[in-house]
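Asks: Numbering (the numbering used here), first residue to last: 766 to 1183. Sending over a structure as structure tokens; questions will come in a sec.
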Amino acid sequence: MRLRVAATVAVAAVLVALLPGTAQADEIRDGQWYLDALGIHDAHELSQGAGVTIGVIDTGVDPNHPDLEGQVISGTSLAENAPGDGLEDEYGHGTAVSSVLVGNDDANGVLGIAPKAKIISVNIFEPGAKTSDPHLMEPAIEWLVDQGVDVISTSAGGSGGSAIQYATDHGVPVVGAAGNRFQDWGLGEHEVSGTNDPGGQSGAIPVSGTTIDGEFWDRGLDLSGAAPQPRYGLSAPAVDIPIALPGGEYDVVNGTSFSAPIVAGTLALIRSAYPDLDYTTWIARLLETVDDKGPEGYDVEYGWGIVNPLAALTEDVAYEDEYTSINSPSADRLPLDQQGDDISPPGNPDGDATPTPPSDSSDAALDGDTGMSVLWLPITLAAAIILAGTIAITVVVHRGRRRTALDSSEFQAPVPPR
């Protein structure tokens, strides 16, 4: 395996760029500082994401990279001029994101947040394009839901349209990078604002970036443009992230592109350890256990706080209010050696929908087999059909005596120059 030092990854997903960092010859696994910061090694004693399938919407993936061997399920490419199964990666961005998600535990290279999970890749980049095709995000989400994925992670841009609701109706969370403030579309560096779609859309989970010191990464977008209801935003590391690249290479980069897969990987850990959770409780385990940063409660920089995978697996999550009650004791967590055998789809927050399982042709992997917690969190129960009308019901998850005010934020949708 070779190490590419300080190389610029030649891709800019819409509003979500890879910003090159530096790498030394011995900085691959040892350079993954966030593994210790987030308690990943301890979390892996409890869950590694076995039995979970994660859909990745990006530039494709190189399944032959040593860190991804046996981790990739045949996917698809929706790009008109790049048909295929999503198993080629001209740019490297999708391979990089996938390594952060599911890099295998072979003692070398990038260790993923959920190393026993599998990914299905959907390419939405045309050959030679500087950005993703924003019109392909919606069909990409729908396609992955129809394959029966458990989680969707995207660090590319584009409106998810009605597909976000389609995913949540089927119990599939969509995690999206908030984006980066400075983008280069081949026309010079441009400053943008808001929150990248689809992460900024209602029902999606937007993720902003943090530094090694746990501070907000100010070259990343905040969550001011995210949907005000429900507030699902949170943050994760975005700086000095070692990644795998096609051809067995590596780099160290910055960007919220890598914050999103850290959160999506955490959802995979929860799903594997607590396979019987309904959608609402699953998301509650993610958001109720974050490390609160900035102003108490929700804020536009950190959202509810920095993701805490170990706490998400070990804390008791319980609340009751006028709408619903949740009781998810950590005692319900499956032992590690029993995980991955029977993960049933969680359905929508009302428990009505069942995703279509993957076809036989795509269900085998290629090449082988605590800190402070949120006081109040909004958890959407999703759309319930009442009197032939759809009513969105927002439930507040609480742990404490006071409610965090939910003020509206005007959505700012930045548009890249053409």
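The beta carbon of each residue, even a glycine, is placed where N, CA and C say it ideally should be.
#1: State the start and end residues of the unbroken alpha helix (DSSP H) segment that holds Gly720.
#2: Apart from the five residues on each side of it in sequence, which residues of its chain come closer than 6 Å, Cβ to Cβ, to Gly814?
#3: State whether the segment 912–922 contacts the segment 801–819, with contact taken as three or more CB pairs (one from each stretch) at a distance under 8 Å.
#4: List, from N- to C-terminal side, the alpha helix (DSSP H) runs of 4 residues or more that fit wholly inside the segment 893–953.
#5: Name, in chain order, the residues that DSSP records as bridge partners for Ala1083.
#6: Alpha carbon to alpha carbon, how far is Asp962 from Ile929? Give it in angstroms, no decimals.
#7: Could you tell me the distance, in whole angstroms, from the CA atom of Asp823 to the CA atom of Val887?
#8: Any idea which residues DSSP pairs Ser812 with across the strands?
#9: How big is the Cα-Cα spacing for Arg1050 and Ala1096?
#10: Checking 8 Å against the spacing of the C-beta atoms, do Ser902 and Ile885 come in under that value?
#11: What's the gap between the Cα of Leu876 and the Cα of Asn1073?
#12: I'd like the list of long-range same chain contacts for Gln1104, defined as Cβ closer than 7 Å, with 5 residues on each side in sequence excluded.
#13: What number of angstroms, rounded off, separates the C-alpha of Arg984 from the C-alpha of Asn945?
#14: Would you grab the beta carbon distance between Pro1011 and Gly857 for me? Rounded to a whole angstrom, and I think it's under 8 Å.
#15: Quick check on Glu1063: does DSSP put it in helix, strand or coil?
#16: How many Å lie between Asn846 and Ala894 at the Cα?
#17: Would you check if the distance between the CB atom of Gly868 and the CB atom of Ala1077 is smaller than 8 Å?
#18: Tell me the DSSP secondary structure of Pro1007 in three-state form.
#19: If you drop the 5 nearest sequence neighbours on each side, which residues of the same chain put their C-beta closer than 8 Å to that of Ser1093?
#20: Please find out if some non-hydrogen atom of the ligand NAP comes closer than 7 Å to the beta-carbon of Val916.
#21: What are the start and end residues of the alpha helix (DSSP H) that includes Gly1030?
#22: To the nearest angstrom, how far is the alpha carbon of Thr1089 from that of Gly851?
#23: Note down, in chain order, each residue of its chain lying with its Cβ closer than 6 Å to the Cβ of Glu853, except the 5 sequence neighbours on either side.
#24: Terminal residues of the continuous beta strand (DSSP E) containing Leu999?
#25: Determine the direct distance from the alpha carbon of Thr1054 to that of Thr1031, and round the result to whole angstroms.
#26: If the criterion is Cβ atoms closer than 8 Å, does the pair Trp908 and Thr841 meet it?
#27: Would Pro971 and Ala991 qualify as a contact pair, given that the criterion is a beta-carbon distance under 8 Å?
#28: Is Gly974 closer than 8 Å to Ile1071 when the C-beta atoms are compared?
#29: Can you check DSSP and say which residues form a bridge with Asn888?
#30: Excluding the 5 residues preceding and the 5 following Ala1130 in the sequence, name in chain order all residues of the same chain whose CB lies nearer than 8 Å to its CB.
#31: Could you pull out every residue in the same chain whose Cβ sits closer than 7 Å to the Cβ of Val910, ignoring the five residues on either side in sequence?
#32: Return the CA-CA distance between Tyr997 and Gly965, expressed in angstroms with no decimal places.
#33: So what does DSSP say about Pro1074, is it helix, strand or coil?
Replies: Reading from the atomic positions:
#1: With the chain covering only 766 through 1183, there is no way to say anything about residue 720.
#2: In the sequence shown, counting from the first residue as 1, residue 814 sits at position 49. The residues are Ala879, Lys881, Ala882, Ala1033, Leu1034 and Ser1037.
#3: With the cut-off at 8 Å, the segment 912–922 and the segment 801–819 touch.
#4: 902–911 and 928–934
#5: Translated into the one-based positions of the sequence shown, residue 1083 becomes position 318. Bridge partners of Ala1083: Asn1092.
#6: The residue given as residue 929 occupies position 164 in the sequence shown. The residue given as residue 962 occupies position 197 in the sequence shown. For the pair Ile929 and Asp962, the Cα-to-Cα distance works out to about 11 Å.
#7: Residue numbering aside, residue 823 sits at position 58 when the sequence shown is read from its first letter. Residue numbering aside, residue 887 sits at position 122 when the sequence shown is read from its first letter. Using only the alpha carbons, I get a separation of about 6 Å.
#8: Residue mapping note: residue 812 aligns to position 47 of the sequence shown, counting from 1. DSSP output for Ser812 lists no bridge partner at all.
#9: Working through the sequence shown from its first residue, we reach residue 1050 at position 285. Working through the sequence shown from its first residue, we reach residue 1096 at position 331. Each residue's Cα considered, the two are about 14 Å apart.
#10: The sequence position of residue 902 within the sequence shown is 137, counting from 1. The sequence position of residue 885 within the sequence shown is 120, counting from 1. In the sequence as displayed, the identity of residue 902 is Met instead of Ser. No, Cβ-Cβ distance for Met902 and Ile885 is not below 8 Å.
#11: As a first step, residue 876 must be located in the sequence shown, where it is residue number 111. As a first step, residue 1073 must be located in the sequence shown, where it is residue number 308. Near 17 Å, if we compare the C-alpha coordinates of Asn1073 and Leu876.
#12: Taking the sequence shown and counting its residues from 1, one reaches residue 1104 at position 339. Once the five neighbours on either side are set aside, the close Cβ partners of Gln1104 are Ser812, Ala815, Gly816, Ser1037 and Ala1038.
#13: Sequence index remark: in the sequence shown, residue 984 carries index 219 (1-based). Sequence index remark: in the sequence shown, residue 945 carries index 180 (1-based). Roughly 6 Å separates the two Cα atoms.
#14: Stepping through the sequence shown from its first residue, residue 1011 is reached at position 246. Stepping through the sequence shown from its first residue, residue 857 is reached at position 92. Pro1011 to Gly857, Cβ: 5 Å. Contact.
#15: Position 298 of the sequence shown, counting from 1, holds the residue named residue 1063. Strictly speaking, residue 1063 in this sequence is Tyr, with Glu absent from that position. Of the three classes helix, strand and coil, the one that applies to Tyr1063 here is coil, per DSSP.
#16: For this step, residue 846 is matched to residue 81 along the sequence shown. For this step, residue 894 is matched to residue 129 along the sequence shown. Between Asn846 and Ala894, the C-alpha separation is close to 11 Å.
#17: Translated into the one-based positions of the sequence shown, residue 868 becomes position 103. Translated into the one-based positions of the sequence shown, residue 1077 becomes position 312. No, Cβ-Cβ distance for Gly868 and Ala1077 is not below 8 Å.
#18: Position 242 of the sequence shown, counting from 1, holds the residue named residue 1007. Three-state result, Pro1007: strand.
#19: If you number the sequence shown from 1, residue 1093 lands on position 328. Only Tyr1039, Leu1042, Thr1046, Ala1049, Arg1050, Asp1081, Val1082 and Ala1083 meet the Cβ criterion.
#20: The ligand NAP is not part of this structure, which contains no ligands at all.
#21: Numbered from its first residue, the sequence shown carries residue 1030 at position 265. From DSSP, the alpha helix (DSSP H) with Gly1030 extends over Ser1024 to Ala1038.
#22: Position 324 of the sequence shown, counted from the start, is the residue given in the question as residue 1089. Position 86 of the sequence shown, counted from the start, is the residue given in the question as residue 851. Going by the C-alpha atoms only, they are around 41 Å apart.
#23: As a working mapping, residue 853 is identified with position 88 in the sequence shown. Gly825, listed in sequence order.
#24: Indexing the sequence shown from 1 puts residue 999 at position 234. Residues Leu999 to Pro1002.
#25: Along the sequence shown, one-based indexing puts residue 1031 at 266. Along the sequence shown, one-based indexing puts residue 1054 at 289. Cα to Cα, the separation comes out at about 11 Å.
#26: Sequence index remark: in the sequence shown, residue 908 carries index 143 (1-based). Sequence index remark: in the sequence shown, residue 841 carries index 76 (1-based). Yes, these two residues count as a Cβ contact at 8 Å.
#27: In the sequence shown, counting from the first residue as 1, residue 971 sits at position 206. In the sequence shown, counting from the first residue as 1, residue 991 sits at position 226. Contact: yes.
#28: As a working mapping, residue 1071 is identified with position 306 in the sequence shown. As a working mapping, residue 974 is identified with position 209 in the sequence shown. The answer is no: Cβ separation not under 8 Å.
#29: Counting from 1 along the sequence shown, the entry for residue 888 is found at position 123. Bridge partners of Asn888: Asp823 and Ser842.
#30: Taking the sequence shown and counting its residues from 1, one reaches residue 1130 at position 365. At Ala1130 the pLDDT is 40, less than 50, meaning the model places this residue with poor confidence; the figure from the coordinates comes in the next sentence. Apart from the 5 residues on each side of it in sequence, Ala1130 sits with its Cβ closer than 8 Å to the Cβ of Gly835, Gln836, Val837, Ile838 and Lys883 in its chain, given in chain order.
#31: The residue given as residue 910 occupies position 145 in the sequence shown. So the list reads Tyr931, Ala932, His935, Val937 and Pro1120, once near-sequence residues are dropped.
#32: The residue labelled residue 997 in the question sits at position 232 within the sequence shown. The residue labelled residue 965 in the question sits at position 200 within the sequence shown. Tyr997 and Gly965: Cα-Cα distance of roughly 10 Å.
#33: As a first step, residue 1074 is located in the sequence shown; it is residue number 309 there, counting from the start. Reduced to three states, the DSSP call for Pro1074 is helix.
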